[in-house]
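Here the structure comes first, spelled out in structure tokens, and everything after it is commentary.
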Amino acid sequence: MNRIRAGLGAAAIAAITVLGAAALPNGAAVAGDTGLRSVARPTGVKIGTAVNMDALAADAPYQEAVGREFNTVTPENVMKWEVVEPTQGNYNWTQADQLVDFARAHGQAVRGHVLVWHSQLPSWINETAFTPAQLRDLLRQHIFAEMGHFRGRIWAWDVVNEAFNEDGTLRDTIWLRALGPGYIADAFRWAHQADPSAILFLNDYNVEGINAKSTAEYNLVRDLRRQGVPIQAFGIQGHLGIQYGLPGDVLQNLRRFDALGVKTAFTEVDVRMILPDDNIKTQAQAEGFGLMLRACLLVRHCISYTVWGFTDKYSWVPGVFSGQGAATPMDENLQPKPAYETLKQTFQLAG
Ligand code: XIL
């Protein structure tokens, strides 16, 4: 069943049929709608990538592929606090603005990443320089400054990232210590005030399947919504490694969020392996990419599937996970791997 048509009345379907693809309500420009984005479009699930802004500026084939393959983009680093406010009160939006402009020119929606996180903070944010009350004010100001700068131009924001430990307790961060556990609700309330049109996400890793961490986040999302806190979506990063096996209950996990009426997305998908790669590892990787996309396409409220880099040329994996890599759907020469073909075929089956 076509997901877009499933959600439309007969008149809307007739209008689409008359006007052709240009009338589809998915927002993407049709000219140049090729690659993965062309097969994603009829499903209603957006296909995205994290973008490395240095590569976008310097590498023409990379830039061409970002425009050709994807209808949503996420800045890999340039909207993080350490980049946008390196010293207190001095904002630098240069590269973030460039991405938003690129996205507009290519008919792409932007996923903003990230507002509240314990990592990649500027060094001036710390607990010796500021009291808890001051840190609360700084966090609030940060959300208003950043979301205000981009107001109306960001489709979805990762508001709070990686707030939980593996056992389902809240992670001990500067924000938990300064503001207490209510910081998550506060962040979403501030974010909704700052840009009421953005879809607001709680986002985390190791929450693909059902486990203590994903269950704690499910419970939090349910409770916050009951309290009227404006949280609309749960983001599953999707950083997998084939050496651990693939999670089997991804679909069941998405389904329980769906039943709450909560949107979901895969926000940072990559599937790494212990190097060197070989055909069997590459096949297992393709299955990992495919299983997450299939789950997304099987529920009603999964809205996008974003890879954390599409080429091994710029992937973060080798720099962080020693001895591992080859984690993306294209090799270092931007040639498609089996994972790319699996993504394409999976979209085609659903479209
Ligand atoms: C990573 C980037 O890919 C790296 O370039 C950077 O050095 C560190 O951060 N979870 C997230 C992302 O939410 O922001 C991280 O991105 C990867 C893990």
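Position one of the sequence shown corresponds to residue 12 (the working numbering), numbered consecutively onward.
Built from N, CA and C at the ideal position, the CB exists for glycine as well.
So is residue i buried or exposed if we call it buried at 16+ other beta carbons inside 10 Å?
i: N290; result: exposed
i: A196; result: buried
i: T139; result: exposed
i: S208; result: exposed
i: D281; result: buried
i: P86; result: buried
i: A116; result: exposed
i: E177; result: exposed
i: G78; result: buried
i: V318; result: buried
i: Q243; result: buried
i: P258; result: buried
i: S315; result: buried
i: T54; result: buried
i: Q248; result: buried
i: Q346; result: exposed
i: E96; result: buried
i: G239; result: exposed
i: A198; result: buried
i: Y73; result: buried
i: E75; result: exposed
i: G320; result: buried
Would you list the one or two residues that DSSP bridges to residue i?
i: I247; result: D215, F277
i: H129; result: H129 pairs with nothing; no bridge assigned.
i: A202; result: For A202, which the question treats as bridged, DSSP gives no partner whatsoever.
i: G252; result: R283
i: I210; result: A167
i: T322; result: M341
i: F161; result: Partner(s): none; F161 has no beta bridge.
Looking at the structure shown, is residue i part of a helix, part of a strand, or coil, going by DSSP?
i: A227; result: helix
i: D257; result: The identity of residue 257 in the sequence shown is Leu, whereas the question assumes Asp. In this structure, L257 counts as coil in the three-state DSSP scheme.
i: P349; result: helix
i: D342; result: coil
i: L271; result: coil
i: I154; result: helix
i: G336; result: strand
i: F358; result: helix
In the DSSP assignment, find the alpha helix (DSSP H) that holds residue i and state where it starts and stops.
i: I364; result: Past the boundaries of the shown model lies residue 364; the chain is included only from 12 to 362, so the question cannot be answered.
i: I291; result: 290-309
i: R182; result: Note, R182: premise wrong, no alpha helix (DSSP H); not H, not E.
i: R52; result: Taken as a continuous stretch (DSSP letters only), R52 belongs to no alpha helix (DSSP H), as it is neither H nor E.
i: G330; result: 328-331
What first and last residue would you give for the beta strand (DSSP E) that runs through residue i?
i: T317; result: 313-318
i: W168; result: 167-172
i: L185; result: Strictly speaking, residue 185 in this sequence is Ile, with Leu absent from that position. Here I185 belongs to no beta strand (DSSP E); instead the alpha helix (DSSP H) covers 185-190.
i: V62; result: 57-62
Could I get the ranges of all uninterrupted alpha helix (DSSP H) runs contained in the segment 79-152, with 4 residues as the minimum, in chain order?
92-95, 105-116
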